[in-house]
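Residue numbers (the numbering used here): 3 to 133. Think of the CB as a built atom: it goes at the ideal place given N, C-alpha and C, for glycine as much as any other residue.
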Amino acid sequence: MPEGSMTLPALAAIEAVVRTYLDGLHEGDADKIAAAFHPCAHLYSAPKGEVVDFPRADWLTAIKGRPSPQSQGLAREDRILAIDMAGDDAACVKVNCCIPPRYFTDFLLLLKTNEGWRIVAKSFHTELRSV
Numbered sequence: 003m004p005e006g007s008m009t010l011p012a013l014a015a016i017e018a019v020v021r022t023y024l025d026g027l028h029e030g031d032a033d034k035i036a037a038a039f040h041p042c043a044h045l046y047s048a049p050k051g052e053v054v055d056f057p058r059a060d061w062l063t064a065i066k067g068r069p070s071p072q073s074q075g076l077a078r079e080d081r082i083l084a085i086d087m088a089g090d091d092a093a094c095v096k097v098n099c100c101i102p103p104r105y106f107t108d109f110l111l112l113l114k115t116n117e118g119w120r121i122v123a124k125s126f127h128t129e130l131r132s133v
């Protein structure tokens, strides 16, 4: 398969994983998020120019300890902006999502594993906005 081309079944499977992540994020459901992210996954950001590496397990613990956007009555604002595949086993997905007043642009790296597509890394930018 040429770089960047997508099969419909692969595209649907990738979208399903990303939707599970976005659903879990809005609902505060760490189990849904865990299902979308491979156990080895890490999250990366660079606030103030310093790279921060946040392991999946630590992030899931943080999610369990905070109120969900849904429980706070916050509007759900998320969307898939782009999906780019390399071959039939690697993809990068760009999404927007939010937990007001924080608005995120995520770059999700997915690999097709024996268990199906899973997010193995997330690199994100955070923007603070007044609500």
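- G26: first and last residue of the uninterrupted alpha helix (DSSP H) it sits in: Taking the first residue of the sequence shown as position 1, residue 26 is located at position 24. Counting along the chain, the alpha helix (DSSP H) containing G26 begins and ends at L10 to E29.
- Compare the C-alpha of S73 against each of R120, R21, D25 and T128 and name the closest. Residue 73 sits at position 71 when you count from the first residue of the sequence shown. S73 has its Cα closest to that of D25, out of R120, R21, D25 and T128.
- Who are the Cβ neighbours of D90 in its own chain at under 8 Å, not counting the five residues just before and after it? Within the sequence shown, numbered from 1, the residue matching residue 90 stands at position 88. The answer, listed in chain order, is M3, T9, A12 and K114.
- Quick check: the region 91–107 against the region 119–131, are there 3 or more CB pairs under 8 Å? Short answer: they touch.
- Task: Return the Cβ separation of D86 and C94 in integer angstroms, given the expectation that the two are a contact with Cβ distance under 8 Å.
- Result: Translated into positions along the sequence shown, residue 86 becomes position 84. Translated into positions along the sequence shown, residue 94 becomes position 92. With a Cβ gap of about 5 Å, D86 and C94 count as contacting.
- Query: In or out: L110 buried (at least 16 other Cβ within 10 Å) or exposed?
  - Reply: Along the sequence shown, one-based indexing puts residue 110 at 108. With 16 or more other Cβ atoms within 10 Å, it is buried.
- Identify the continuous beta strand (DSSP E) that holds R58 and give its terminal residues. By one-based count along the sequence shown, residue 58 stands at place 56. Boundaries around R58 are those of the alpha helix (DSSP H), R58 to K66, since no beta strand (DSSP E) includes it.
- First and last residue of the beta strand (DSSP E) that includes A77? Working through the sequence shown from its first residue, we reach residue 77 at position 75. Unbroken run through A77: none, as it is neither H nor E.
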